[in-house]
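Below is one structure, written out as structure tokens, with a few remarks after it.
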């Protein structure tokens, strides 16, 4: 029974940490827009935390380059499990227009495992909220929860 | 004796549940004041359940010990309040718990956690003299430091020491980490020093700290309730009005510096106490 309650808590309270991995700030502003009274993601229990140690979901925007891939990996490893990663925007998903640049590694999935991709340039706040919900559906399947 | 044990068990079980619901209502009202919809009332419980299910990770064993002592200290002080024990003993138990929270934060070399811990010490320096003054004032009226002595009074404490209630409100704001005094860490999603004194606690240990916070909410509101000990309805109305005022203050004020907190808390606290004591003797 306690296990069921904990699983319910996991679905109802995803805390997100946002890492800007060299984005143009377009997607970052859209991520922050989710927190405003217009979208108010706190009604789903989503809280934007500043600390990977408290977070369940890692939101990454922007391309990964050779300088910041270590930082991204470090932040991912600091998060206690179970955790999910969401790549946001064209750059986060694949490297976007910077894909062929000499210093760019590519999308977020080149460095850490990504659970959900949210495309868009920039991604709309609705799409980002949808991405977090899709990540939760994935978590539900892993936990073996129905409904 | 048996009634004391029953009261203690009730306090241990019901206090965190009440604290969680009060925190949930707090988040809902805060959201409403910010023209948002807000999370469900049970949200604090979902948060803690989730944190309990996370992978336990500690910086070192001290940190884990500190989280345990903090929650035990907070729970024990609520038990002491409900069983009508000594106010001074309650104060010391509460302090030991709070000191261990700081020690756990200082056990890690992280700068966020270090500064958070030092600011938490400054907060304790601000609210603890105020609590002692309030307890001393209660003892002046009742003639005893026992909580049970308050309930033997024929009229509420609020008539005799109204200014001390303001002092207690000041201490309450600092203790509950509400704006303008949320300088070591904030209960809401505001970020200051990442998460200040909580930064290095994670998973189940953060859940324990959250449960300790629920106990502290009940403890602080229980102390407020002592000021209207003659009737249950009056007590509930007083506590509800106080907490609502606290939420409004939290939402309309900005975070202040620790210099201001220390000066204003001690200055106002001592001034109000002196005035109240003179009035009490003049009666």
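Residue numbers (our numbering), protein chains in the order written: chain A, 45 to 191; chain B, 2 to 284. Quick reminder that beta carbons are idealized off the backbone N, C-alpha and C, glycines included.
Asked                                                                                                                          : Found
Minimum Cβ-Cβ distance from residue 36(B) to chain A less than 9 Å                                                             : yes
Continuous alpha helix (DSSP H) assignments of at least 4 residues falling wholly in the region 150 to 184 of chain A          : none
Distance, residue 211(B) Cα to residue 191(A) Cα                                                                               : Interpretation of residue 191(A) is limited by its pLDDT of 47, a score under 50 that renders its predicted location unreliable; the figure taken from the coordinates is listed afterwards. Their backbone Cα atoms lie some 29 Å apart in a straight line.
Residue span of the beta strand (DSSP E) that contains residue 102(A), given as start and end                                  : 101 to 105
DSSP-derived helix/strand/coil call for residue 92(A)                                                                          : strand
Assumed close pair residue 168(B), residue 270(B) - CB separation to whole angstroms, cut-off 8 Å                              : 5 Å
Simplified DSSP state of residue 55(A), which is helix, strand or coil                                                         : helix
Whole-Å CB distance - residue 132(A) paired with residue 107(A), under 8 Å assumed                                             : In fact, because the Cβ distance is near 12 Å, the residues do not count as touching under 8 Å.
DSSP-derived helix/strand/coil call for residue 61(B)                                                                          : coil
Three-state secondary structure (DSSP) of residue 246(B)                                                                       : helix
Residues in the region 208 to 232 of chain B having any Cβ partner in chain A nearer than 8 Å                                  : none
Any C-beta of chain B under 9 Å from that of residue 63(A)                                                                     : no
Residues of the region 47 to 60 of chain A whose Cβ lies closer than 9 Å to any Cβ of chain B, in chain order                  : 47, 49, 50, 51, 52, 53, 54, 55, 56, 57, 58 and 59
CB contact check: residue 48(B) to chain A, cutoff 9 Å                                                                         : yes
One or two residues paired with residue 97(A) in a DSSP bridge                                                                 : Its beta-bridge partners do not exist; DSSP assigns none.
Proximal chain B residues relative to residue 89(A), where beta-carbon distance stays under 8 Å                                : 40, 41, 44, 47 and 48
Contact under 9 Å by Cβ, residue 51(B) with residue 125(A)                                                                     : no
Residues of the region 167 to 186 of chain A with Cβ closer than 9 Å to any Cβ of chain B, in chain order                      : none
Contact check, residue 87(A) vs residue 17(B), beta carbons under 9 Å                                                          : no
Pair within 9 Å by beta-carbon distance, residue 100(A) and residue 57(A)                                                      : yes
Contact set between the region 81 to 111 of chain A and chain B, restricted to residues whose Cβ is under 8 Å from the partner : 81, 84, 86, 87, 88, 89, 91, 92, 93, 94, 95, 97, 98 and 100
9 Å Cβ cutoff, residue 115(A) in contact with chain B                                                                          : no
Whether residue 105(B) touches residue 201(B) by CB criterion (9 Å)                                                            : yes
For residue 132(A), the first and last residue of its enclosing alpha helix (DSSP H)                                           : Taken as a continuous stretch (DSSP letters only), residue 132(A) belongs to no alpha helix (DSSP H), being part of the beta strand (DSSP E) at 128 to 132.
Cutoff 9 Å: residue 52(B) Cβ touching any chain A Cβ                                                                           : yes
DSSP state of residue 15(B) mapped onto helix, strand, coil                                                                    : helix
Simplified DSSP state of residue 110(A), which is helix, strand or coil                                                        : coil
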